[in-house]
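Q: Below you will find the structure I want to go over with you.
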Amino acid sequence: MMAIPLAGALALALPRERFLGDDAALGRFAVGLSGATLLVGLSALTAFDFGAPQRMQLRVDWPWAPSIGLRFHLGVDGISLPLVLLTALLTFLCLVYTAKHPPAGGRLRLFTALLLVLEVGMLGTFVALDLVLFFVFFEVVLVPMYAVIAIWGTGDRRAAALKFILYTLLGSGLLLAGMLLVGVKAGTLDMTVLAQRHGEGLTRGVQIVAFLLMALGFGVKAPMWPLHTWLPDAHTAAPTAGSVLLAGVLLKMGTYGIVRIALPSAPEGAEFWAPWLGLLAVVGIVYGALACLAQTDLKRMIAFSSVGHMGFVLLGIATLTPVGVNAALFGNIAHGLITGLLFFLAGSVKDRYGTGDLRELGGGLLTSAPRLASVLTFASVASLGLPGLAGFWGEMLALLGAYRPDADLPRATFVTFMAVGGIGAVLTAAYFLRMLSRITHGPVPDERLTAGPVAAVTRHEYAAWLPLVALTLLVGLWPKTLLDVTTAPVRALLGGG
Amino acid sequence: MIQGIDYAAIAPPLILAVAALGALLADAFGAPRRALALVSGGALGVALLAVAALAFGGRRATFCLPTGLRGNGPRSCSYVADDFTLLFQGVVLAAAVIVVLLSVREVVESRIPAGEYHFLLLAAVVGALTLVAARDLVLLAVSLETLSLPVFALVALRRYDGVASEAALKLFLVSVISAAVMLFGISLVYGATGAMHLDRIAPALDRLPTELEPVAVVGIVLVLAGFAFKVAAVPFHFWAPDVYQGAPLPVAAFLSVVSKAAGFAGLAIVLALGFPAFGHVWGPVVAVLAAVTMTLGNLLALRQTTAIRLLAWSSVAQSGYMLAPLAVGRSRLPEAVAATTAYVALYAVMNIGAFAVIVAVRERLTRDALDDYRGLARTRPGLAAAMAFFLICLAGLPPGVMGLFAKVVVFRAAVAGDVTWLAVVMAVNTVIGLYYYLLWAVRLFTAPAGRPADVAPGTPVRAAIAAAFAGAVVLSVAPQIVLQTVATVS
């Protein structure tokens, strides 16, 4: 079992620089490398014992800085495994896409290197089992993402990148304080031990403070309303690959952190703050939906839709029930797949038409670029939660969880949350349908007709889209594949509940 | 009465004292500047070796109370070379070597008298080395002055420069006042406890009669104020930016690293060994000092447009982080001292590196605006990469893992000592700090505004940057080198 030091291979197999002269070779190299990473991830899938997904598997555990009790401790369980695979997949697809559609701004070598460093940070976050190690990986993603937005972004990219890094760092600072509070008071930094104890040995006051600090820290990343304001700017400004990773993986780090660290290590604190978390979550859902209705930029709209979707995820977490937390994890994966796809599509639309503005795009995309428009329709429909596609289950289960929250939580409040969340879901449908009616349907504007045919969809674009489409269908039609893996560890984390 | 002296224990300061006199004499006989730099750098190197050799041996102590005078009390030695001392001596000496490397060219270009310069520098280092080994209040005060006095002269050595003279005067006035305040504090503590040795003061404070308590409290706060000046903590920070700007750059580096490290060592010694009984008094004072220092330093650093002033204010802010662990008071004090020590040691590496790059860039540029750093990545990619790395380390973000661990250690100590609010203040401050460090780092990679700066650092400066960079990289990969040493410090 330990023969595949999964994370070690992942982390160490990512060189920063190689002597690859031309961009094509660089592209092949990057694709090969991230593909290998994905393969290692998939082989971990085979090595993973699905009979006991709540157990940490494929562990690596070395002392790093013993004087402060820091260990290089990695491992995967049912909660992190899907996210690890999602990360590996999305990075791979991003690099495939980038190989053919490099971002404007040149310096492809640096871009590739940064994406690979990002991948290390993201994977590390999901497999780290030591609080400080988790924090280190959590931070690793900041500088590369900052550079990706600031160098290859569009529009007001510097300001957006700066906003992104400052907001996230504020979150990280609070997070660090919260995690160390738990670590010091409990006397261990080991996440598995902390999870087993379920807050034993921590007083109620400590748990409340710690959970608040951690929830704020992760909330910035997630993003939780009203800490989300960095997100639309960052998404809009980032290049396609940046947006995909930002939405597909980075946001998940926040919710994953809450589930993995904040819930099990400070359960009483979680109970205390859960109604507030739920409130902010539903505000986020409705706010995200309303903001989307007002957006005219395609990428900005998708970004705000992320706020709404992550609201569902947070609502699921706030219920503190296995159903709700399962929904959250499901929503995480679904959102990663669908929004990743949407950002790829938005990037392609922008490449072809030179704008992401809904008004300038006009209608008739189905006529002028039928294939692109079909996939866009598919992704939008999946995102608004059509039953049978991945987006549906996350939202539905989150609302179901809110209908029957943890016994110690005020039920009436959560039922209200559920109702409001339901309205939010309807609004989500409204803005996606509005977006589709604006750009895919209707007549093609005259100036587009005269501008000549739109470039066909390239092989690389298909290569980036189709796996996501397939997985969206798979997860949507057989949600059990995913739920089976996450259920047992969630129960373990919540203390057998 | 004749006392045996353990010459091995006091070898490092002794070597430097001899070398300092040697440098002064050699200058009188017309030795070339390069030879003087070699003498001073060499002496520092030998002293560093001595420290390394001592580190393998056990704890050494000398200048102890003779058995006849000791009574039933502890051994009461004035000079102790334990792990804590040796770690700080190592940091001080290594940083001083870098300062000497940086000053080779500055001495020539600023027409500074070389003999005096090296003499004063070595004398100040002797003060720093003694300060970190001192275990009684008199030796602390004397060595603190030995550290301070040469620095006034060093700052003023560019005699033709009005800014330098003003800076020196400012430093002198603030320093003298703080020394007076501290001496008054020491006298009050002595009056209350009847002891000068820290290992006697501590038990005396523990069973202090209630009517003497106010005296002791005032004394402790005044001693604290004296050290707050040394480490440039608010409200004794006003001298820092002006002095950094007016002084020759290597001297500014010396002030911000060597002098500060020694100051923190002294502070930690006094608080941890002498005054733990009054932790409930000085704990909150230090907490407030730390919070105000980091916030004010960071806010003012935001508004700076010259590199040296920015670094000056940011180093004020960094003092705040270093103070933070000591805010815990008596509970978990050893851990807090270890955290401060670790932070100081790590900070020394990053900050001396940043200073080295500034020296390299300013050698050719007359001005020192932050915008001069634009486009450095095009003309000098190595220099820019090193600078970016130091800045990211100071900001505490990966890949500057070293800075991140420094922050983690400090946060941990603060949280463990139940001053979580201070940790939250720190969290906010790291964001402010990141803002200006990051903007500076980004400047390195943007297109130059006008003519790209033609920067050609000399070999010594290059060596200094390389050494600091290597240190930073090694400590980023293996932070336990420092953290482990610190853990054994008591």
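Residue numbers (the working numbering), protein chains in the order written: chain F, 1213 to 1709; chain E, -12 to 477.
All C-beta atoms in this analysis are idealised placements derived from N, C-alpha and C, irrespective of residue type, glycine included.
(1) So, do the region 372 to 392 of chain E and the region 279 to 286 of chain E have three or more beta carbon pairs nearer to each other than 8 Å?
(2) In its own chain, which residues sit with a C-beta less than 7 Å from the C-beta of Gly1634 of chain F, not counting the 5 before and 5 after it?
(3) Straight-line CA distance for Val138 of chain E to Ser130 of chain E?
(4) Does DSSP put Ala356 of chain E in a helix, in a strand, or in coil?
(5) Excluding the five sequence neighbours on either side, which residues of its own chain have a C-beta within less than 7 Å of the C-beta of Leu1327 of chain F, listed in chain order?
(6) Determine the DSSP secondary structure at His1521 of chain F, reduced to helix, strand or coil.
(7) Give the residues of chain E in contact with Glu1351 of chain F, contact being defined as C-beta atoms less than 8 Å apart.
(8) Buried or exposed: Leu1224 of chain F, going by 16 or more other Cβ atoms within 10 Å of its Cβ?
(9) What do you reckon, are the CB atoms on Asn1538 of chain F and Thr1699 of chain F nearer than 7 Å?
(10) Please report how far the alpha carbon of Ala314 of chain E lies from the alpha carbon of Ala304 of chain E, in whole angstroms.
(11) Would you check if the distance between the CB atom of Gly1466 of chain F and the CB atom of Gly1552 of chain F is smaller than 7 Å?
(12) Comparing C-alpha positions only, which one of F:Tyr1379, F:Leu1320, F:Val1394 sits nearest to Ile1363 of chain F?
(13) What residues in its chain sit with their C-beta under 7 Å from that of Gly250 of chain E, if we drop five residues either side in the sequence?
(14) Rounded to the nearest angstrom, how far is the Cβ of Ala341 of chain E from that of Leu381 of chain E, given a contact under 8 Å?
(15) Quick one, which of F:Gly1399, F:Glu1412, F:Val1495, F:Val1421 has its alpha-carbon nearest Ala1389 of chain F's?
(16) Where do the ends of the beta strand (DSSP E) carrying Ala48 of chain E lie?
(17) Please classify Glu1412 of chain F as buried or exposed, where buried requires at least 16 other C-beta atoms within 10 Å of its C-beta.
(18) Which same chain residues, not among the five before or five after Ala166 of chain E, have their C-beta less than 8 Å away from its C-beta?
(19) Within 10 angstroms of the Cβ of Ser1246 of chain F, are there 16 or more other Cβ atoms? Answer buried if so, exposed if not.
(20) Whose C-beta lies closer than 6 Å to the C-beta of Ala1641 of chain F among residues of the same chain, with five residues either side of it excluded?
(21) So what does DSSP say about Tyr66 of chain E, is it helix, strand or coil?
(22) Taking the alpha carbon of Arg47 of chain E as the point to measure from, which residue in E:Met169, E:Ala371, E:Val91, E:Thr72 has its own alpha carbon closest?
(23) Report the option in F:Leu1705, F:Thr1400, F:Ser1586 whose CA atom is closest to the CA atom of Thr1652 of chain F.
(24) Less than 8 Å between the CB atoms is what I'm expecting for Ala1300 of chain F and Gly1253 of chain F, so what's the real figure, rounded?
(25) Could you tell me which chain F residues have their CB closer than 8 Å to the CB of Val478 of chain E, listed as they occur along the chain?
(26) Mind checking Thr1531 of chain F: buried by the 16 CB within 10 Å criterion, or exposed?
(27) I'd like to know whether the C-beta atoms of Leu175 of chain E and Val202 of chain E end up nearer to each other than 7 Å.
(28) Is the number of C-beta pairs between the region 1337 to 1357 of chain F and the region 1374 to 1394 of chain F that are closer than 8 Å three or more?
(29) I think Leu1386 of chain F touches Val396 of chain E, with their Cβ atoms under 8 Å apart; what is that distance to the nearest whole Å?
(30) Determine the chain F residues that contact Thr292 of chain E at a beta-carbon separation under 9 Å, and present them in chain order.
(31) Would you give the residue range spanned by the alpha helix (DSSP H) that Phe1284 of chain F belongs to?
(32) Against chain F, with Cβ distances strictly below 7 Å, would Ser477 of chain E count as a contact?
(33) Below 7 Å between beta carbons: does that hold for Leu1492 of chain F and Met1436 of chain F?
(34) Find out if the Cβ-Cβ distance for the pair Pro263 of chain E, Arg194 of chain E is shorter than 7 Å.
(35) In chain order, which beta strand (DSSP E) runs of at least 3 residues are fully inside the region 306 to 339 of chain E?
(36) Between Leu1680 of chain F and Val402 of chain E, is the Cβ-Cβ spacing less than 7 Å?
A: Let's see:
(1) no
(2) Leu1611
(3) 13 Å
(4) strand
(5) Thr1303, Cys1306, Leu1307, Ala1453
(6) helix
(7) Leu384, Pro385, Leu391
(8) Only weak support is given to the placement of Leu1224 of chain F: the predicted model assigns it a pLDDT of 42, under 50, and the question is left unresolved by the model.
(9) yes
(10) 16 Å
(11) no
(12) F:Leu1320
(13) Phe214, Lys217, Val218
(14) 7 Å
(15) F:Val1421
(16) 47 to 51
(17) exposed
(18) Ala128, Leu131, Glu132, Ser135, Gly213
(19) buried
(20) Leu1596
(21) strand
(22) E:Thr72
(23) F:Ser1586
(24) 4 Å
(25) Residue coverage of chain E in this structure runs from -12 to 477, which leaves residue 478 of chain E outside it and unanswerable.
(26) buried
(27) yes
(28) yes
(29) So it is not a contact: roughly 18 Å between Cβ atoms.
(30) Per Cβ cutoff of 9 Å: no residues; Thr292 of chain E is ~18 Å from chain F at best.
(31) Where Phe1284 of chain F is concerned, there is no enclosing alpha helix (DSSP H), although the beta strand (DSSP E) it sits in stretches over 1282 to 1288.
(32) Note that Ser477 of chain E scores 45 on pLDDT, short of 50, meaning its location in the model is unreliable; the coordinates nonetheless yield the value given after this. With 7 Å as the cut-off, Ser477 of chain E does not count as an interface residue toward chain F.
(33) yes
(34) no
(35) none
(36) no
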